[in-house]
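A.B. asks: Before we start, here is the structure in question, set down as structure tokens.
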């Protein structure tokens with residue numbers, strides 16, 4: 001199972017772009033990379049998923065280099081409501097995610 | 001469809017009592033997962049179902065924990081003889097079946113927060 005490493009916490013001001021990088025050195029061929037956002041007292045919410053290169057949706061972009069040993073979640077122009085914990089998850093399509101790690105706690109201030 | 005529903009949202013119980021939580025997944029999702037989350041940690045896998053079949057249960061924390069999904073729709077998670085260490089958020093998630101061609105993310109419910117006193 002691929003282990004992920006991401007910063008414990010990050011701070012940002014409103015309106016800035018935030019990039020959160022996750023390392024997953026032993027990612028397997030069948031593994032996808034998925035990012036989730038979690039607010040207090042709520043379940044995690046799916047943000048974006050990718051396998052390689054770049055993926056963009058209405059809320060974020062995900063950059064994955066060719067070796068796939070890391071990935072970067074990019075949040076453009078964050079607002080106060082983006083304050084949350086962000087989890088990087090690497091799991092295959094055959095079963096389940098064992099655990100989500102501790103995530104990155106993002107604090108956005110005015 | 002209103003997403004994944006969990007009931008109750010909060011449960012306070014005395015040590016030694018049994019508790020049961022319910023999860024209603026998104027109707028077209030055939031996979032259902034249970035996770036536990038303690039303060040400062042990410043969700044930790046407990047068990048999952050594909051339709052009514054429980055495909056993995058070795059991660060249930062002890063034999064006091066059991067889960068069912070009798071008709072492949074809603075699921076229940078039961079904890080018998082609760083202990084203070086069982087206090088946590090219990091999360092349910094659902095997804096479409098994942099195949100070699102597609103990996104679907106999880107849709108989580110808001111969780112049931114259990115406090116054992």
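Protein chains in written order, with this note's numbering: chain B, 1 to 110; chain L, 1 to 117.
The C-beta atom is built at its ideal place from N, Cα and C for all residues, glycine as well.
Just so you know, these numbers come straight off a predicted model, no measurement behind them.
(1) Beta strand (DSSP E) containing residue 13 of chain B: first to last residue?
(2) Are the C-beta of residue 28 of chain L and some C-beta of chain B separated by less than 8 Å?
(3) Could you name the residues that DSSP lists as bridge partners for residue 11 of chain L?
(4) If you check the beta carbons only, do residue 69 of chain B and residue 24 of chain B fall under 8 Å apart?
(5) Which class does residue 86 of chain L belong to by DSSP, given the choice of helix, strand or coil?
(6) With a CB to CB cut of under 7 Å and the five nearest residues on each side skipped, what residues in its chain are close to residue 79 of chain B?
(7) What first and last residue would you give for the beta strand (DSSP E) that runs through residue 50 of chain B?
(8) Compare the C-beta of residue 28 of chain B against all C-beta atoms of chain L and say whether one is closer than 8 Å.
(9) With 16 other CB atoms within 10 Å as the buried threshold, where does residue 99 of chain L fall?
(10) With a threshold of 8 Å between beta-carbons, can residue 102 of chain B be considered close to chain L, or not?
(11) Could you tell me whether the Cβ atoms of residue 4 of chain L and residue 114 of chain L are closer together than 8 Å?
(12) In this structure, how does DSSP classify residue 81 of chain B when only helix, strand and coil are distinguished?
(13) Quick one: does residue 56 of chain L have its CB under 8 Å from some CB of chain B?
(14) Does the separation of the CB atoms of residue 30 of chain B and residue 92 of chain B fall below 8 Å?
(15) Among B:58, B:98, B:17, B:110, which one has its Cα closest to the Cα of residue 49 of chain B?
(16) Hey, is residue 19 of chain B's beta-carbon within less than 8 Å of any beta-carbon in chain L?
C.D. replies: Reading it off the structure:
(1) Taking the first residue of the first chain as position 1, residue 13 of chain B is located at position 13. That run of the beta strand (DSSP E) goes 9-13.
(2) Stepping through the second chain from its first residue, residue 28 of chain L is reached at position 28. Chain B, which has no Cβ nearer than 8 Å to the Cβ of residue 28 of chain L, makes this no.
(3) Locating residue 11 of chain L in the second chain gives position 11, where the first residue counts as 1. Its beta-bridge partners are L:114.
(4) If you number the first chain from 1, residue 69 of chain B lands on position 69. If you number the first chain from 1, residue 24 of chain B lands on position 24. Yes.
(5) One-based indexing of the second chain puts residue 86 of chain L at position 86. It is helical.
(6) Taking the first chain and counting its residues from 1, one reaches residue 79 of chain B at position 79. These residues qualify, in order along the chain: 14, 108.
(7) In the first chain, residue 50 of chain B corresponds to position 50, counting from 1. That run of the beta strand (DSSP E) goes 45-50.
(8) Within the first chain, the letter at position 28 stands for residue 28 of chain B. No, residue 28 of chain B lies away from the interface with chain L (no Cβ there is under 8 Å from its Cβ).
(9) The residue you call residue 99 of chain L lines up with position 99 of the second chain. It is exposed - the Cβ of residue 99 of chain L has fewer than 16 other Cβ atoms within 10 Å.
(10) Position 102 of the first chain, counted from the start, is the residue given in the question as residue 102 of chain B. True, the Cβ-Cβ gap to chain L drops below 8 Å.
(11) Working through the second chain from its first residue, we reach residue 4 of chain L at position 4. Working through the second chain from its first residue, we reach residue 114 of chain L at position 114. Not closer than 8 Å, so no.
(12) In the first chain, residue 81 of chain B corresponds to position 81, counting from 1. Residue state, collapsed to three classes: helix.
(13) Sequence index remark: in the second chain, residue 56 of chain L carries index 56 (1-based). True, the Cβ-Cβ gap to chain B drops below 8 Å.
(14) On the first chain, residue 30 of chain B is found 30 positions in, with the first residue counted as 1. On the first chain, residue 92 of chain B is found 92 positions in, with the first residue counted as 1. Result yes, Cβ atoms of residue 30 of chain B and residue 92 of chain B sit closer than 8 Å.
(15) In the first chain, residue 49 of chain B corresponds to position 49, counting from 1. Cα-wise, what sits closest to residue 49 of chain B is B:58.
(16) Against the first chain, residue 19 of chain B aligns to sequence position 19. For residue 19 of chain B, the answer is no, since every Cβ of chain L falls outside 8 Å of its Cβ.
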